[in-house]
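Peer 1:
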Amino acid sequence: MSIYRELGIEPIINASGSVTRLGGAVMPPEVVQAYVDAAQATVPLEHLQALASKRISEATGTDAGIVTTGAAAALTLGTAAILAGLDAGKMERLPHTDGMKNEFIIAREQRSGYDHAVRAAGARLVEVGFNEIIANAGVRRTEVWEYEAAITEKTAGIVYVYSTGSRPNLADLVRMAHVNDIPVLVDAAGELPPCENLKAIPATRADVIAFSGGKSIRGPQSTGILCGRKDLITSAALQMLDMDDHPELWTPPEEFIPVSKLTGMPRHGFCRSMKVAKEQIVSLLKALELFTSGAYLPLVPKYRERLLAIAAALSNHPVSCELIEKGDEESPPSLEIRLDESRLQQTAFDICRGLRGGSPAIYVGHGKLPQKTLVLIPTCIRDEQWTTLTKRLSDALTP
Ligand SMILES: *Cc1c(COP(=O)(O)O)cnc(C)c1O
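The sequence shown begins at 0 in numbering that gives the first Met the number 0 and counts up one residue at a time.
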């Protein structure tokens, strides 16, 4: 960690998980080694991505896949692929889509800041459904018929944000979409673990799916995966890869980029600005191998034990602690610390601010501060930091 100090910045204690704001996951040593090895030689990237495609298709049960610079970039690439297909002329035009099929239907309840990733490629979002539950104005979620009713001759695709509770059911939506010849792009960025989601989400027959590489897979922060239908992955690859070669010499792997199916040799595409480094591809593949082989599973009981030790250390403080488990053996537990703000004479926001302001700074999960609750997510806490974390929490939570 001394490289950060050398630069003049102190590493934090990250009890907030692999969030982007704090630099994503901590890479396991094997992944770091793969990165270091890959950085010391060069290979043609279209051949490397073709190899990655095989690994990703095995891991996800899809026809093909590429490594991207994150799930958000994967969403942009997936959108660009749906908009342009294998048409080199359309690839050239993106993100300008006037006169093309350019509408993507999205449930109003699934809109978020990640919409930028889809709109960036030139898509126009068309909203369906309502946010009635949040508005406390009803009990229903978005339904399949609402998407179907919104399909017009301008519809290019449907974009869907996957989570355990998302509605409507993705497989039902895909069935309707395919009857209408409309592809479905899925944001599944943070839906791992469980590992089975790598296959279960594509098994809905959704056309292209985005996963994050820098969250639970523990690859480099700016990596992701786009997987799905072969022609769409080919289109995405073409729009991201560097295309500066002579057509006479250009011989990409045929099963990955079937040159005969293209209308011409594309130039640099719209997603050239999202280029992936060889080191990122190689180390993400190593991380994917570790994740899918269960190498991270032994960490779960260790996290549980350490969080329970923190709960025990806080047993005489004006807080109540609850260990939150998803009920599977893969998902890391978290610890929710609910504060008695009146006895502490501080709000959860005050405590959180104080922890961030200390040395080293401590960042706890901040999603439940309005409910007077700090959340400890263990995945990015380094072994040697637990003692300090326990002591600092104990001090901060003493009235
Ligand atoms: C994290 C996340 C993303 C972005 O993933 P990156 O790999 O950081 O680009 C997109 N959508 C959702 C729902 C996410 O949670």
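Ideal Cβ positions, reconstructed from N, Cα and C, are used throughout, including at glycine.
With distances taken from each beta carbon to the nearest heavy atom of ligand 1, which residues come in below 6 angstroms, in chain order?
Peer 2: Thr19, Gly69, Ala70, Ala71, Tyr113, Val160, Asp186, Ala188, Gly189, Ser211, Gly213, Gly223
Peer 1: List the DSSP bridge partners of Ile376.
Peer 2: Ser15
Peer 1: Taking C-alpha atoms, which residue in Ile133, His177, Gly156 lies nearest to Gly121?
Peer 2: It is Gly156.
Peer 1: Taking the runs of the beta strand (DSSP E) that are 3 residues or longer, which of them lie wholly in the region 67 to 107?
Peer 2: Segments of the beta strand (DSSP E) lying fully in the region 67 to 107: 102 to 106.
Peer 1: I'd like to know whether the C-beta atoms of Arg217 and Pro10 end up nearer to each other than 9 angstroms.
Peer 2: no
Peer 1: Starting from the Cα of Glu329, find the closest Cα among Glu335, Leu298, Glu340 and give me that residue.
Peer 2: Leu298
Peer 1: Mapping DSSP to helix, strand and coil, what is Thr154?
Peer 2: strand
Peer 1: Please return the same chain residues whose Cβ sits closer than 8 angstroms to the Cβ of Val125, not counting the five positions on each side in sequence.
Peer 2: Glu102, Phe103, Ile104, Ile105, Ala149, Thr154
Peer 1: For the 8 angstroms Cβ check, are there 3 or more pairs between the region 72 to 92 and the region 208 to 227?
Peer 2: yes
Peer 1: What residue does the beta strand (DSSP E) around Asp186 start on, and which one ends it?
Peer 2: Start and end: 183 to 186.
Peer 1: Would you mind working out which of Lys89, Leu283, Ala134, Pro193 sits nearest Asp327, comparing C-alpha positions?
Peer 2: Pro193
Peer 1: Taking its Cβ as the centre, do 16 or more other Cβ atoms sit within 10 Å of Leu296, making it buried, or is it exposed?
Peer 2: exposed
Peer 1: Inspect the CB distances between the region 303 to 321 and the region 332 to 342 and report whether three or more fall short of 8 angstroms.
Peer 2: yes
Peer 1: Between Ala58 and the rest of its own chain, which residues show a CB-CB distance below 7 angstroms, the 5 nearest in sequence each way excluded?
Peer 2: The answer, listed in chain order, is Leu197, Leu287, Thr291.
Peer 1: Residues in the same chain with beta-carbon distance under 6 angstroms from Glu324, minus the five sequence neighbours each way, listed in chain order, please.
Peer 2: Pro332
Peer 1: Could you tell me if Gln370 is buried or exposed, where buried requires 16 or more neighbouring beta carbons within 10 angstroms of its beta carbon?
Peer 2: exposed
Peer 1: Return the bridge partner residues of Ala63 from the DSSP annotation.
Peer 2: The partner list for Ala63 (beta bridge, DSSP) reads Gly227.
Peer 1: Could you check the C-alpha separation between Gly357 and Cys379 for me, to the nearest Å?
Peer 2: Separation of Gly357 and Cys379 (C-alpha to C-alpha, rounded to the nearest whole angstrom) is 18 angstroms.
Peer 1: Apart from the five residues just before and just after Thr346, which ones in its own chain have a Cβ nearer than 7 angstroms to its Cβ?
Peer 2: Glu340
Peer 1: What does DSSP give as the partner residue(s) for Ile309 in the beta ladder?
Peer 2: Bridge partners of Ile309: none, in fact.
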